Amino acid sequence: MDRIAEIETRKGEKAQYFKVGQESTDIQKGDKCIVEFTQGTVDYGKVYGFVETKSLLKPTISGKILRKITDSDFATIKENRKKAIESISICKEKITTYKLQMKLVDAEYSFDRTKITFYYWSENRIDFRNLVRELAKIFNCRIEMRQIGLRDEAKIKGGYGICGYPLCCAQFLRRFDSITMRMVKNQNLPLDITKITGQCGRLLCCLGYEDGMYKKENPKKK
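Residues in the sequence shown are numbered from 2 upward in steps of one, following our numbering.
Set out below in structure tokens:
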């Protein structure tokens, strides 16, 4: 029976499933590893857990794990990050040239440098075909433009919340649940927008942490 690992490889992306190869049988939850996608791209990610292939709901396999990350791999990742930062300046310049109404948030190279993913935010649909073509010529690799939401931007950039601690989304949250004003009212919190919204401008994710307890204590407030 194949051993399947759940791995998160990209910023703000859902985890994907990879087969554990013969060279990586000792891989464990929490390990960082190098993976190869079925289309050939080599990247890196973190193992969040494992699934059984005998399950009725078999996961879609995205590729395989090649190995645990080595010191040499970490050096490559560090160098890729430096190159990604340089690519942001170039991309921003081209966005201005093409007068595109979009905010570039971050960029990320795949481990093998065959692809750059540019993360951006925009209220509108953007036609960036000319931008992508020019960037592909400049960097000589595949270009992916990934639209993200305001919460994703906060997750990528990181920072500190009004509580004084690092942002939950940047530290450990793997998905964004729906947060509503009903939760604020259930917890008898002040309706001061500066105290109940986060860096992203949306309602604080932590409002959902104890919502179940408040609903249990006050059934009528459901």
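Positions of the beta carbon are idealized from the N, C-alpha and C atoms, including for glycine. For clarity, every value in this text was computed on a predicted model and none was experimentally measured.
Here residue 34 is buried, its C-beta having at least 16 other C-beta atoms within 10 Å. Residue 174 and residue 198 have their C-alpha atoms some 17 Å from each other.
Cβ neighbours of residue 159 within its own chain (closer than 8 Å, five residues either side excluded): 167, 168 and 171.
CA-to-CA, the gap between residue 95 and residue 147 works out to about 16 Å. Look at the segment 122-176 and you find these whole runs of alpha helix (DSSP H), each 4 residues long or longer: 130-140, 151-158 and 169-172. For residue 22, there is no enclosing alpha helix (DSSP H), since its DSSP letter is neither H nor E. Residue 111 carries a coil assignment under DSSP once its states are collapsed to helix, strand and coil. Assignment of residue 50 by DSSP, reduced to helix, strand and coil, places it in the strand class. Between the segment 78-87 and the segment 9-19, the count of C-beta pairs closer than 8 Å stays below three; the two stretches do not touch. For residue 30, the number of other beta carbons within 10 angstroms of its own is below 16, and it is reported as exposed. As DSSP reads the structure, residue 77 sits in no beta bridge.
Annotation for residue 177: 152 place their beta carbon closer than 6 Å to its own, counting only its chain and skipping 5 residues before and after.
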